[in-house]
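Sequential numbering from 295 applies to the sequence shown in the working numbering. The beta carbon of each residue, even a glycine, is placed where N, CA and C say it ideally should be. Predicted, not measured: the structure shown is a model, and the values here were computed from it. In what follows, a structure is listed as structure tokens, so that the remarks can point back to it.
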Amino acid sequence: MNKRAVSIGLLYSVLAIIFKLVILLGGYTLTKFGFYYSNIVTVLFTLPFFFLAIYLVREKDLGGIISGKDAMRMAMTVLGISVIILSVYNYIEFNWKFKDIATQYYQGNEYLEILKTQQKKYPDKIKVENFPGIIQEQLSSLSAFKATTGKLIPLLFIGVGGAFISAILLKRSTKK
């Protein structure tokens, strides 16, 4: 593994964790941005780090020449480091704070209003007397593994695609 790519993977992971902590500790987890968009922003934030890793390795370590295979390896190193660190962080985050936040959400009025709206749309399928069971089912299905996997899958899909695209765009077989 290239030390420069590992360092950039670590840098990305630290910045992503800081971003996630700001959302979590700032009380923005259940806002529209915090709930729906913060994870995808974190995932898309990997793309510049792929370009940075490949560019720095190409220019500083390899004298301006890098094959597509080596460029892909640098980007995948950044992705691999970030997947490991962010998976551990997401697991810790769930057990530390997010399980309590999710429990408060499912037991709160906001989720009850969502259930009422769904009941109005589908009166045959959702009955008011089933609301406590639905809430209990949601609470019993909370899992650190599910939460971590749910955040890991987009990182892998977008990360692999982004790594490939950045490797293709930055490979250079001859010095210009």
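List the DSSP bridge partners of residue i.
| i | result |
| --- | --- |
| R298 | The partner list for R298 (beta bridge, DSSP) is empty, contrary to what the question assumes. |
Going by DSSP in three states, residue i sits in which element: helix, strand or coil?
| i | result |
| --- | --- |
| I447 | helix |
| I311 | helix |
| I379 | helix |
| I386 | helix |
| I462 | helix |
| I359 | coil |
| L324 | coil |
| S332 | helix |
| I408 | helix |
| K420 | Checking the sequence, you will find Ile at residue 420 rather than Lys. If DSSP states are grouped into helix, strand and coil, I420 belongs with coil. |
| G456 | helix |
| G374 | helix |
| G303 | helix |
Could you spell out the range, first to last residue, of the alpha helix (DSSP H) harbouring residue i?
| i | result |
| --- | --- |
| F345 | T340 to L350 |
| F392 | No alpha helix (DSSP H) holds F392; DSSP gives it neither H nor E. |
| P426 | F425 to S434 |
What number of angstroms, rounded off, separates the C-alpha of residue i from the C-alpha of residue j?
| i | j | result |
| --- | --- | --- |
| A462 | L350 | Note that residue 462 is Ile in the sequence shown here, rather than Ala. The alpha-carbon atoms of I462 and L350 are separated by roughly 15 Å. |
| L304 | I360 | 22 Å |
| Y400 | Q432 | 7 Å |
| I321 | R466 | Residue identity differs from the one stated: residue 321 is Gly in this sequence, not Ile. About 45 Å. |
| Q398 | G358 | 54 Å |
| V454 | M366 | 9 Å |
| I348 | P448 | 22 Å |
| I378 | T371 | 11 Å |
| T442 | N424 | 29 Å |
| L250 | R352 | With the chain covering only 295 through 470, there is no way to say anything about residue 250. |
| S376 | K391 | 21 Å |
| T340 | L380 | 12 Å |
| I452 | F458 | 10 Å |
| A299 | I386 | 25 Å |
| L324 | L346 | 32 Å |
Of all Cβ atoms in chain B, is any one closer than 8 Å to the Cβ of residue i?
| i | result |
| --- | --- |
| K465 | The structure shown has no chain B; it contains just one protein chain. |
Regarding residue i and the ligand PLP, is the C-beta to nearest heavy atom distance less than 7 Å?
| i | result |
| --- | --- |
| T371 | Questions concerning the ligand PLP fall outside what the structure shown contains, since it holds no ligand whatsoever. |
Any chance the region 437 to 450 sits against the region 402 to 413, with 3 or more Cβ pairs inside 8 Å?
no
Can you find at least 3 beta carbon pairs, one from the region 329 to 341 and one from the region 309 to 321, that sit closer than 8 Å?
yes
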